[in-house]
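In order, the protein sequence lines correspond to chains A and B.
Straight run, no breaks: the first sequence in my numbering ends on number 197.
Straight run, no breaks: the second sequence in my numbering ends on number 208.
All residues carry an ideal CB built from backbone N, CA and C; glycine is no exception.
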Amino acid sequence: MSVPVLISGGVLTAAGTAIGLKKLDYDRIMTVSILAATFFVASLIHVPLGPGSVHLVLNGLLGVALGWASFPAILTALLLQAIFFQYGGIVVLGVNTFNMAAPALLCFYLLRPWLARPKSRPLAGFAGGFLSVFLASLLMALALALSDTGFLATAKIIVAAHLPVMIIEGFITMFTVSFLARVQPDILQLRITNVGT
Amino acid sequence: MISKIVSTFCLLSFVFCLLSTPAQAHKVRIFAYGEGNSIVGETAFSNGRAPKDSEIIVQNAASARPLLTCRTDDQGHFRFPIPEEARRSHLDLRIIINVGEGHRGEWLLEAEEYLGDGEGESVSISDQERVAVATPASKARETISADEELIRRVVEEAMDKKLGPIKRMLAEGRNQGPSLQDILGGIGYILGLAGIIAYFRSKKGEKK
Chain A
1 MSVPVLISGG
11 VLTAAGTAIG
21 LKKLDYDRIM
31 TVSILAATFF
41 VASLIHVPLG
51 PGSVHLVLNG
61 LLGVALGWAS
71 FPAILTALLL
81 QAIFFQYGGI
91 VVLGVNTFNM
101 AAPALLCFYL
111 LRPWLARPKS
121 RPLAGFAGGF
131 LSVFLASLLM
141 ALALALSDTG
151 FLATAKIIVA
161 AHLPVMIIEG
171 FITMFTVSFL
181 ARVQPDILQL
191 RITNVGT
Chain B
1 MISKIVSTFC
11 LLSFVFCLLS
21 TPAQAHKVRI
31 FAYGEGNSIV
41 GETAFSNGRA
51 PKDSEIIVQN
61 AASARPLLTC
71 RTDDQGHFRF
81 PIPEEARRSH
91 LDLRIIINVG
101 EGHRGEWLLE
111 AEEYLGDGEG
121 ESVSISDQER
131 VAVATPASKA
141 RETISADEEL
151 IRRVVEEAMD
161 KKLGPIKRML
171 AEGRNQGPSL
181 QDILGGIGYI
191 LGLAGIIAYF
201 RSKKGEKK
């Protein structure tokens, strides 16, 4: 990846993380860390597919549950993956975090109203899982395209490769969200949203 | 209703656990070594699958200038002749596999690792030529040195053949995927960090 892409990724991630930490309530710290751990483990679950295999991302789940706090959560998980498993690497950490956290944040703002209503909740969950991976792969294609190859060709390949992940994550996020809404609505902060803060 | 959702969720997770393999697709393993006049290598995703027909880029390690490219076969193996330029100026080679989507692996092959063989060969050929035109008086000594070279070459070839699998084992051992300890350690780190943040937040709260 080219230097400007790396730098802007780093700056955007730093900004997002700062906002995320600032907005983070004291009571939410454990929720954030549990979801960060989920994200950390999810990328180790591989589904064999075609020539290689794909892994889960679950940034949609983090997004709808955490909002801005997705930034610090994803940054921490990716940092540990980079240190322990040499995934990605420290240099691309900023870009990677932004690529996954920005769609998560967007899903948070787009889907919260639907998520609050029990009727549209499963749909919102599916959309969260699907959209966040879709947007993340588009951002990844963009980052790669700004560095070397053409955007459209790269985007097609990456989006096609992640299409199964999008569908799988759509279902996983849908079930998880429905489950959490019944058992632990606090994690999703549903009541607070209903009140309107 | 809840139990239905819970059981579906459990079932789904179970299915994914079955489907999943404890490996990383994103790390591509590559290693290469010299064999005679060519460099051979193997590539694999960490789950053992082979990246078929993927691009291999060979660079001068010092200047990052590409020397040649080739592609892997169905088993993820590749082979290319030692570039003349690399042989001449003793270049260290950086061999990169690019599977696309920003995922790549690389292997540094130092000049002495692959040149030892090739040089011996060129010396022995020139010796043989010299033997052919040598005067009878010096012939015996020249033949001995030619024989030495020949033996060295044969031994080196045999060693390459025997050591190839060992090199592969070492490369595989070095590139192993995350272990359970790593994963649990990572989770522990995340919870620990949360604890530290919570601690400092709570101190701040007390001051207020």
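Three-state secondary structure assigned by DSSP to Q189/A
Mapped onto the first sequence, residue 189/A falls at position 189. Here Q189/A sits in coil by DSSP.
What are the complete alpha helix (DSSP H) segments, minimum 4 residues, inside the region 39 to 108 of chain B?
84 to 89
Helix, strand or coil for G34/B, going by three-state DSSP, please let me know.
The count along the second sequence starts at 1 and reaches residue 34/B at position 34. Shown here, G34/B sits in a strand according to DSSP, grouped into three states.
Of the residues P118/A, V95/A, A37/A, the one placed nearest A136/A, counting alpha carbons only:
In the first sequence, the residue the question calls residue 136/A occupies position 136. The residue with the shortest Cα to Cα distance from A136/A is V95/A.
Given this structure, state the Cα-to-Cα distance separating G88/A from A82/A, to the nearest angstrom.
As a working note, residue 88/A is residue 88 in the first sequence. As a working note, residue 82/A is residue 82 in the first sequence. Using only the alpha carbons, I get a separation of about 6 angstroms.
At a CB-CB cut-off below 9 angstroms, which residues of chain B make contact with I29/A?
On the first sequence, position 29 is the one that residue 29/A refers to. By Cβ distance, chain B contributes A194, G195, I197, A198, R201.
What three-state label does DSSP hand V92/A in the structure shown?
Along the first sequence, read from residue 1 onward, the residue named residue 92/A stands at position 92. When DSSP states are grouped into helix, strand and coil, V92/A belongs to the coil group.
Looking at the unbroken alpha helix (DSSP H) that takes in L75/A, where does it start and where does it end?
The sequence position of residue 75/A within the first sequence is 75, counting from 1. Note, L75/A: alpha helix (DSSP H), 70 to 85.
Option nearest F208/A by Cα separation, candidates F84/A, S178/A, L142/A:
Here chain A comprises residues numbered 1 to 197, so residue 208/A is not present and cannot be evaluated.
List the residues of chain A whose Cβ lies closer than 8 angstroms to the Cβ of G105/B, in chain order.
Translated into the one-based positions of the second sequence, residue 105/B becomes position 105. Going along chain A, no residue has its Cβ under 8 angstroms from G105/B, so there is no contact; the nearest lies around 10 angstroms.
Presumed contact (8 angstroms Cβ cut-off) between A37/A and I190/B, rounded CB distance:
Against the first sequence, residue 37/A aligns to sequence position 37. Against the second sequence, residue 190/B aligns to sequence position 190. A37/A to I190/B, Cβ: 5 angstroms. Contact.
Host alpha helix (DSSP H) of V133/A (start-end):
Here residue 133/A is taken as the residue at index 133 of the first sequence, counted from 1. From DSSP, the alpha helix (DSSP H) with V133/A extends over 121 to 147.
Assess, as a yes-or-no matter, whether the region 108 to 123 of chain A is touched by the region 27 to 34 of chain A under the definition of 3 or more beta carbon pairs within less than 8 angstroms.
no
Since I97/B meets chain A, which of its residues come closer than 9 angstroms, beta carbon to beta carbon?
What you label residue 97/B is simply residue 97 of the second sequence in a count that begins at 1. By Cβ distance, chain A contributes nothing, its closest Cβ being about 12 angstroms from I97/B, past 9 angstroms.
Would T69/B be called buried (16 or more neighbouring beta carbons within 10 Å of its own) or exposed?
Working through the second sequence from its first residue, we reach residue 69/B at position 69. Exposed, by the Cβ-count rule.
DSSP three-state assignment for R29/B, whether helix, strand or coil:
Numbered from 1 along the second sequence, position 29 holds the residue referred to as residue 29/B. Strand.
At the 9 angstroms Cβ level, is L163/A part of the contact set with chain B, yes or no?
Start at 1 with the first residue of the first sequence, and residue 163/A comes out as number 163. No, L163/A does not count as interfacial toward chain B.
From A127/A to G170/A, what distance separates their C-alpha atoms?
As a working note, residue 127/A is residue 127 in the first sequence. As a working note, residue 170/A is residue 170 in the first sequence. One C-alpha to the other measures close to 6 angstroms.
Proximity to F175/A [Cα-Cα], best of F40/A, G60/A, L12/A, A73/A
Position 175 of the first sequence, counted from the first residue, corresponds to residue 175/A. Distances from the CA of F175/A to each of F40/A, G60/A, L12/A, A73/A were compared; the closest alpha carbon is that of G60/A.
If I measure Cβ to Cβ from V123/B and keep anything under 8 angstroms in the same chain, skipping five residues before and after, which residues do I get?
Here residue 123/B is taken as the residue at index 123 of the second sequence, counted from 1. Low local confidence applies: a pLDDT of 46 at V123/B is under 50, so the model's placement there is unreliable, with the coordinate-based value given in what follows. E149, listed in sequence order.
Report buried or exposed for I151/B, applying the criterion of at least 16 other Cβ atoms within 10 angstroms of its Cβ.
Taking the first residue of the second sequence as position 1, residue 151/B is located at position 151. Label assigned to I151/B: exposed.
Going straight from the alpha carbon of P103/A to that of I74/A, what length do you get?
In the first sequence, the residue the question calls residue 103/A occupies position 103. In the first sequence, the residue the question calls residue 74/A occupies position 74. Near 12 angstroms, if we compare the C-alpha coordinates of I74/A and P103/A.
Is the region 3 to 22 of chain A touching the region 153 to 163 of chain B in the sense that three or more CB pairs, one from each, lie closer than 8 angstroms?
Three or more Cβ pairs closer than 8 angstroms define a contact, and the region 153 to 163 of chain B falls short of that threshold against the region 3 to 22 of chain A.
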